[in-house]
Every structure is written in C-alpha cells, then in structure tokens.
Amino acid sequence: MPFSRRDFLQRGGLFLGLGLLAPSFVTRAVDAAGEMPLAGPSSAKTSLVVIQLGGGNDGLNTVVPYADRAYYSQRPTLAIAQGDVLPMSDAVGLNPSLSALKPLYDGGALAIIQGVGYPNPNRSHFRSTDIWTTAEPDTNGTTGWLGRYIDAQCCGTAVPSQTANDLEGVEIGNQLSKALWTQHAMVPAVSSLAQFQLATDPHYPTSRDARISTFRQIYSQQPGSDAYEALLTHAGLTALDTSDVLTKVASGYKTTVKYGTDPFSQSLRQIAQLIHADLGTRVYYASLGSFDTHANERKVQDALLKTLADGVAAFMQDLQALGKSDQVAMMTFSEFGRRVKENAGNGTDHGTAAPMFLFGSKLKGGLYGNSPSLTDLDTNGDLKFGIDFRQVYATLLKDWLGADAPAVLDGASYPSLGFVQSTSNA
Amino acid sequence: MADLIPHLLRRAGFGAGPEELDQYRQLGYEGAVDRLVNYAQVDNSALEASMPAIDLTQKGVAGIGAAWLQRMLHTARPLEEKMTLFWHGHFATGDSKVRSAALMWQQNTLFRNNAAGNFHDLLLGVAKDPAMLKWLDGNQNHKAIPNENFGRELMELFTLGIGNFTEDDVHAAARAFTGWHARNDTFQFNARDHDDSVKTFLGQTGPWDGGDIINVILQQPAHATFLMTKLYRFFVDPNPSGDNIQKYAATYTQNQYNLAPVLQAMFTSPEFQAQSAVHGLIKSPAEYLIGAFKHLGITAIPKQTPGVMALLGQQLFNPPNVAGWPGGPAWINTGTILNRFNAANRLVTARSNDGTSWTPPTDLSAIGSSADQVVDYYSGLLLDSDITDTTRAALISYLNGSGGFDTAGSDLDERLRGLVHLTMISPTYNLN
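Protein chains in written order, with this note's numbering: chain A, 246 to 671; chain B, 821 to 1252.
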C-alpha cells in the first residue's frame, strides 16, 4: 500500500510534541483543508524528473544535422554516417545509439528543443553548470532553480530554523546538485533507497529505540548561531526522517520491466519506486556522465547515449505499467554542447548550444526551435543559441508544475514554448 | 590559555589520540607548529618500514587508497600527508580516465615530495606528470591542432581562477604546451610537435614554452591571491578577509613560492588560534575517518575503508571532476551524513578483534564511575568537551537507562558502545 501523507502529519505531531514549530506544510494542511488532501495518494500532482548529462554533451552527434554538408566537412572522423542516422525530419535525425527513444518520438512522447543555450556562453564546466543549475548567468547564485521552486512549495518565507519534512524533491546519487540547493527545505541525496537507514548495534536490537530517541533529543535542539551547526542538525534530522519514509517505499514496489544494471538505469528504477509510493514529491534528479569527450568521442558518447536511451525507455514503460505516465515529465540538460570542428584527438572541445530532450505522455512531441547553423557561428567559432534555457524552465514550471515561474526565475517572464498538452492541475 | 593542540593536530593533520596529543603538548604550541611544518627533521622510518608492498599492476585504486590511508594514520609527519591530500584535491586527477594505479601513485609521490615545498617546482612537475598528461589530454595537444583542456584548467583551477585570464590566453597556453607528452608512462618533450612560435599570453609576448607560461602565471598577483585563499579556506576559516589573504600572499611571493613559511604563518596567526576557529570547519571524509581511528585506538585500517570514503563523498584517486572536492558544507547532505553515522556505528560495533574496530574498556577506573563522569570523559576525548548542556544531558540519560549506570553492570558493553556511537554522530563530531 502506498505510503501516505498521513504519516508525515504524524511526524508533524512529533515535532509539536518536542516544542518546536511544526513544518509549515502541516499548518497549511490544517488551514486549507479543502485545497490539499490530507490522506491517501496525492495523485493530482505532476512531477518532473531532471537528468543532468554531466561534462558537456555533444549536441551535433545527438540530434544530427545529417542533411548539412558542413557537418561532414567539419567532422571527417566523428560524423555519424547519413545512412546510420534515424531521421526525424528532412534536416535532423537521432544518433542510432538512441534507437530505444525512436518509438517514444514517433508516439509523440519526446519533445526535442533545439539550439538551447544562453547569451555570453561560458565554456568552463563549473561556471556553466552553475549557470544552468542556478538559472542565474549574471551572478554567483547560491540556490538552484529547482531549489527555489521547492522552497516556494514547502516553506514560502519560513525562517531557516524550520525544517520541511515533506519529500518535495529527491536526488538519486551521492552529491546534491546545485540545482537543488535551497534556503529552507532540505532535499536528500540518496544513493540506495533500501540502504538509507540509520544503523545501530546489531548485537543489541532492543537498544535501538533508546539510541534513536537520544539521537532525536540531540538533533532537535535549536542549533546555536553557528551556520555549520544548523546545517549539520538539519541534515541529520532530515536523514533520520527520510530513512523512515524510504525503507517503507522500497518494500511496496514490484515491476516486470527489465531495467539495465548500470547505475543510471538503477537510478531511474528507484525514481519509479518513489513515484509509485505517492509521497507528493514534485522533483526527482539523477545524473549520467561524463560526456566530456575531448578524445575518442564516438566510443564514449555512443555508449552513454545508449545507456540514456535504454534507461529512459525502460522507465517510461514502467510508468505506464504503474499508471503514472500522465503525471510525469522528464528533461535532460547538459552544461554546454561542443565545438563544430573536431579536434586532433577524435573528439571535440567545449562549445555552446545543444538540444534538450523532454519526455512525457502528456507532452506534445516533436521538434522545437531550429537546428543551429554550422556556418553562421559566434566569434569563437561555436554554435549560436536560439532558445534560452530559462524559457524551457519557465514552460515546465508554469505549464507542467503549475508554479509561479517568474518568482523562481528572479522576476523574469518567458513565453511558453507550448510543449505541454494542457495546463497541468496545480 | 586554551589548549589548542587538539585543534592544531586536527587542522595540520588528521587529529590525534591522547598519547600523541601529549607528545605535541610537551613541545609547546610554537614547538608543535615547528615540528609539523618543518617535518623533514622528523624521522618517519617507522612508517616507511611498516608500509606493505603495493601491487601497482592491480586494476583500480583500492590498493593505493589503502596504502595512503595507512600513511595518513601512522605517519610521524601529519602535515606532509595533509598537504599531499590538499594537492590531490587541487590538481584533481582521476583514475577513471588515467586507468593506472602506478601512475596515480607516482603523482601522489610527486605531491608528497613537494608537499610543503616550492609551488613552482610542484607545478612544473605536475605539467610533466604522466597521470596529469593523460587526464587533461596532453598527448592530444599537437602543434597542428592544439587541445585546450590542460591550458584552461591550469589557469582556471590550478593557478588563477575564473576572471583572471581570457579565451585567447587559453589558446596561447595550449600552444605553449604542445609536444609535452607521456610516452611509455614517462614525460617526453616532442620538439617536432611543439609550437615554438610567438604567442601573447597574459599581456606578454614571446616564443613561449610551457615553462615560460608557468613563470608568467606565477608573477600575476591574482595567482598568489588565488592559492592563498584556497589554502586559507582549507586550513583556517571559510571566510577569508582580503587583508588576511594579502598578508599571506606577500609571505608567499617574498619566499619565492615556498609554502612552508606560509603554513607557519597561518598556524601561528591570531585568526587560527582564536576560539571561534576551533571546530570552525567541516571535516572531510578523510579527516572524519582517520580522526575516528585515532580516537578509538584503531591501528589497522579496515579493508572497507576506501569504499566507505567513497560513500562519504571522497573517493581517493577518483575526485568527481578536475575541480576536486568543493569541501566545507558540500561534504554534508542527508545521504553523506547518514553514511558517516553508519561508518561510526560499524567502527564501534564490528567486534572484529584484529585492531580494525573499537573494543570498549572493561575497567573504567581511569574513566569514571558515574554516568556524568563517563560522558565527560568521552566528550573530552571525541569533542574537546565542546558539548551543549542538552546533548550532555541526553547522553547521561542514555547511559543511565532505566536502572542507573553501573560500571560493573552486565549491560556495560551495550551502554558504552551506544554512548561512543551517539557522541560520534552528534553534530560537533563532524567539525574540524
């Protein structure tokens, strides 16, 4: 049986019992009983799965401009042979390693946004990843765009000492992406659902409750003014609370879909488990990489794209079997594309614009934007972008998640790209 | 005068157990700093004799990882290993691409040989290091078609930082390093493949080679600022002031890029010795685990340790990318903190009888007879007594249980293991 929001409210009660302010979602639920269901699955909410392709995925060998002569003249070694490309239009087609995605595209569940980038592109992995994850090209942001969305969902303008106990967002992985950095909520990074548990002395199972109770006493103190104490206290308590939730999630899920054994496919499988558990989570996050193909690009990228495609195809099949297809959309992004001209190492160096993939049965599939010109290039000899990535984010925030997009994007408004079939219910 | 020796050993090394702390206390603070910084004077032959032979033909880095952990735990020169770790994070190179334990260990030795030495010599050594050449595509950097990977990261990550160079400088640096190759796992300068034409780099024009590029970089004020800031954040405080950094930058450049005078100055500075600096940084996984081994008297590295380090977010010889580990609060998320808690639990409950886990004492006469005294002893050992009243009360309550604390009680084993575990998973134990 899916784990319900009711269990969170019980935990909210524990908070009140310890004399702390309840997480604000508890108060909201009590005040607005008509708006938010208090029990049972929150099936009305949509969720977004974000896949980070780390390292700078070469867009031109992903969505291939196979009809453009310049593609072949600039990449004598690297170009995908015309006969191997899986055509989507007269101009572009998919790298054959993505063959598992072709049925999704043909079925209208894959929207490809072409030529995505931003002005004054940065070619440093770290700076450009920061830009994509914070959605703040002009400052050194410290919160992620997804983090700001999650904060708005859970805590609004709550003071930092309140913890948000709801699993608004989860990353499957070891490191929390900056996209999920928040000011208030704490988003867990979990590498394995089943193992996410506080271990105590196996010799003395009956002492476990006493230890956990002591742990909670220590961690429920208001931290002093030291910022690190607050971080550690918040993280420790969230870890314990999250582990209580997640160990129940792992046990309720069964699938007949065959996922690959690679870490990426297993990440998607765990996300499917979480979606099935109806925890009310709105954002999931996983990574794949490294796509930083300065050398030996065909071998490295083709293998990674196959992993991506096979994993996504299995995941989409699983969502269908679980009856969750309508509620989930997925996007991929990378910190930049790569240069048009190949280098001497059978690879490419850091570039600029590249395509984003969006998956979902409730999306309007097809090609959006234009394949960037291979001859009308910027002053560095790189592709010019056509669509600002923040416009893609804005469309997802507003049309898919029902959120206040300008509030998340520091006040800026972007017209919808129109790739969502209908406005989601908020 | 507060006892700053535990703080000094946590920062300049990986912490220390009670006996080691007493040895340093006997030298006085300045004497302790001298012994740590000028470590060439310290005999390390016992460590070298105890190092097992490493199979460098073995695939993967578990073997060299275990060897390095052994050095961190048993060295008589803590700062030498701490600086080696700093350089590994700074010149972050990953075996995931280098695929050679031998080359990764050779690079590690380069870091150790220059740990608190001269940065110019270290940087030049790194530019010729075969692991680095593989990592940042040195062998693909040709006169006809340069590869920019090393040229960019050299400036962005290793010496100057973003904003202190242009894309043109990256192109020029790449050309200057063409022909710097690794052949048969050794450095070879391939003159025919080297672009010796005139280049303009950071405003200076000439037929620059890689060595010249390094010299021009070191002359930039931005370099000293960049490196001193990074060292300061690693050793002293996460929030440096501009004036502080310029003070160390002056020491660094006046000493021709030698690190020892800088480290000496940092450890004897008022900002380092301030009470606010104590427990002011977040422990890296290496500091958390090695420090725990020292506190618990664990002398043999448990074989799972390299894997545990990876779960805590720091896989030795495989940093996540060329920027290394961001450190500080980035070490802490719900997943990594849970993994710390569980690593501590294993050390305290594994009952392995081979020196790789903790055995609680059965005779508590040197520790205490009441719950208060026992809690105070362990929080002194593990936390430098930096404990809130609430935490102390909670631990005392735990130790007392329902029937009160009895040093001869049958549940003593369970209570002590629980107490030590709980103390090690309290927030403060994660602070350096």
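The beta-carbon is built from N, C-alpha and C at its ideal position, and this holds for glycine as well.
- Give the straight-line distance between the Cα atoms of F1137(B) and N419(A), rounded to the nearest whole angstrom. The alpha-carbon atoms of F1137(B) and N419(A) are separated by roughly 17 Å.
- Task: For chain A, find out if any of its Cβ atoms is closer than 7 Å to the Cβ of L1218(B); answer yes or no.
- Result: Per the sequence shown, residue 1218(B) should be read as Tyr rather than Leu. For Y1218(B), the answer is yes, since a Cβ of chain A falls inside 7 Å of its Cβ.
- Item | Anticipated Cβ contact below 8 Å, A356(A) with F664(A), distance rounded | Rounded, the Cβ-Cβ distance is 4 Å, consistent with contact.
- Item | the segment 1072 to 1090 of chain B contacting the segment 638 to 653 of chain A, beta-carbon criterion three pairs below 8 Å | By the criterion of at least three beta-carbon pairs nearer than 8 Å, the segment 1072 to 1090 of chain B is not in contact with the segment 638 to 653 of chain A.
- Message: Measuring alpha carbon to alpha carbon, tell me which residue in S658(A), E580(A), T459(A) and A639(A) is nearest L298(A).
- Response: Selected option, being the one with the closest Cα: E580(A).
- Can you have a look at S269(A) and say buried or exposed, based on whether 16 or more other CB atoms are within 10 angstroms of its CB? Only weak support is given to the placement of S269(A): the predicted model assigns it a pLDDT of 28, under 50, and the value that follows is read from those uncertain coordinates. By the neighbour-count rule (16 or more Cβ atoms within 10 Å), S269(A) is buried.
- Query: For chain B, is any of its Cβ atoms less than 7 Å away from the one on T198(A)?
  - Reply: Chain A is shown only over 246 to 671; residue 198(A) falls outside these bounds and no answer can be derived.
- Buried versus exposed call for D454(A) [16 or more other C-beta atoms within 10 Å across all chains shown]: By the 10 Å Cβ count, D454(A) comes out exposed.
- Task: Output the distance between the C-alpha atoms of K786(B) and K954(B), rounded to the nearest integer angstrom.
- Result: What the structure shows of chain B is the stretch from 821 to 1252, and residue 786(B) is not part of that stretch, so it cannot be assessed.
- Query: For K493(A), which three-state DSSP category applies?
  - Reply: Here K493(A) carries a helix assignment [DSSP, helix/strand/coil].
- Nearest-angstrom Cα distance between A996(B) and D633(A)? Distance between the alpha carbons of A996(B) and D633(A) is about 36 Å.
- Message: Check this for me: beta carbons of T487(A) and P433(A), under 7 Å apart or not?
- Response: Against a cut-off of 7 Å, the Cβ pair of P433(A) and T487(A) comes out as a contact.
- Item | chain A contacts made by the segment 1039 to 1070 of chain B, where a contact means CB separation under 9 Å | Those residues of the segment 1039 to 1070 of chain B that come within reach of chain A (Cβ to Cβ, closer than 9 Å) are P1058.
- Could you spell out the range, first to last residue, of the alpha helix (DSSP H) harbouring Q546(A)? Where Q546(A) is concerned, the enclosing alpha helix (DSSP H) stretches over E542 to L567.
- Message: Residues in the same chain with beta-carbon distance under 7 Å from G971(B), minus the five sequence neighbours each way, listed in chain order, please.
- Response: Here the set comprises V990, A993, A994 and F997.
- Measure how close the beta-carbons of A484(A) and L1158(B) come, nearest whole angstrom, since I'm counting them as under 8 Å. Between A484(A) and L1158(B), the beta carbon gap of about 4 Å places them in contact (Cβ cut-off 8 Å).
- In the segment 285 to 336 of chain A, which residue ranges form an unbroken alpha helix (DSSP H) of at least 4 residues, counting only runs that do not cross its ends? If we require 4 residues or more, the alpha helix (DSSP H) runs fully inside the segment 285 to 336 of chain A come out as 314 to 319.
- With a cut-off of 8 Å, do at least 3 Cβ pairs link the segment 439 to 457 of chain A to the segment 1224 to 1237 of chain B? As far as the Cβ criterion goes, the segment 439 to 457 of chain A touches the segment 1224 to 1237 of chain B, which means the pair count is three or higher.
- Item | L1242(B): first and last residue of the uninterrupted beta strand (DSSP E) it sits in | First-last for L1242(B): L1232 to M1244, but that is the alpha helix (DSSP H), not the beta strand (DSSP E).
- Message: Quick check: does the Cβ of Q1095(B) come within less than 6 Å of any heavy atom belonging to the ligand MG?
- Response: As presented, the structure is devoid of all ligands, the ligand MG included, so that no description of it is given.
- Between the CA atoms of T1243(B) and L899(B) - distance to the nearest angstrom: Within the model, the alpha-carbon separation for L899(B) versus T1243(B) is close to 27 Å.
- Task: Measure the C-alpha to C-alpha separation of A860(B) and T929(B) and round it to an integer number of angstroms.
- Result: For A860(B) and T929(B), the distance between alpha carbons rounds to 15 Å.
- Item | Neighbourhood of R897(B) by C-beta distance below 7 Å, restricted to the same chain and skipping five residues each side | Here the set comprises Y859, V862 and N864.
- Message: I'd like the list of long-range same chain contacts for R855(B), defined as Cβ closer than 8 Å, with 5 residues on each side in sequence excluded.
- Response: If the five residues before and after R855(B) are omitted, its C-beta is found closer than 8 Å to the C-beta atoms of Y844, L847, Q861 and V862, all from its own chain and listed in chain order.
- Return the CA-CA distance between I376(A) and P382(A), expressed in angstroms with no decimal places. Counting only the Cα atoms, P382(A) lies some 5 Å from I376(A).
- Query: Alpha carbon to alpha carbon, what distance is there between P1139(B) and W1145(B)?
  - Reply: The alpha-carbon atoms of W1145(B) and P1139(B) are separated by roughly 7 Å.
- Message: Residues of the segment 421 to 442 of chain A in Cβ contact with chain B at a cutoff of 7 Å, in chain order, please.
- Response: Against chain B - using a Cβ distance shorter than 7 Å - the residues of the segment 421 to 442 of chain A are L421, M431, P433, A434, V435, S436 and F441.
- Message: With distance defined between alpha-carbon atoms, name the residue in L524(A), T506(A), F509(A) and G481(A) nearest to A495(A).
- Response: The residue from L524(A), T506(A), F509(A) and G481(A) with its alpha-carbon nearest to that of A495(A) is L524(A).
- Go to W888(B), then tell me how far its alpha helix (DSSP H) extends in each direction, as first and last residue. Following the DSSP letters along the chain, one finds W888(B) inside the alpha helix (DSSP H) bounded by residues A882 to H894.
- Task: Check the DSSP bridge columns for I417(A) and list the partner residues they point to.
- Result: Residue pairing by DSSP puts I417(A) in a beta bridge opposite V435(A).
- Given a threshold of 16 other Cβ atoms within 10 Å of its Cβ, counted over all protein chains shown, does F253(A) qualify as buried or as exposed? Because F253(A) sits at a pLDDT of 27, beneath the cut-off of 50, its placement in the model cannot be relied upon, and the following sentence gives the value as read from the coordinates. Counting Cβ neighbours within 10 Å, F253(A) comes out buried, since at least 16 surround it.
- Using a C-beta cutoff of 7 Å, does D446(A) count as contacting chain B? Among the residues facing chain B, D446(A) is included, as its CB has a counterpart in that chain under 7 Å away.
- Query: What is the C-beta distance between I1118(B) and L1167(B), in whole angstroms, given that I count them as a contact (C-beta under 8 Å)?
  - Reply: With 8 Å as the limit, I1118(B) and L1167(B) qualify as a contact, their Cβ atoms being about 7 Å apart.
- Reference L293(A), options T307(A), E587(A) and M561(A), closest by Cα: Nearest option by C-alpha distance: M561(A).
- Per DSSP, which one or two residues make a beta bridge with W1000(B)? DSSP, once it has assigned bridges, lists F1009(B) as partnering W1000(B).
- Query: Around the C-beta of E987(B), are 16 or more other C-beta atoms found within 10 angstroms, so that it is buried, or is it exposed?
  - Reply: In summary, E987(B) is exposed, with fewer than 16 beta-carbon neighbours lying within 10 Å of its beta-carbon over all protein chains present.
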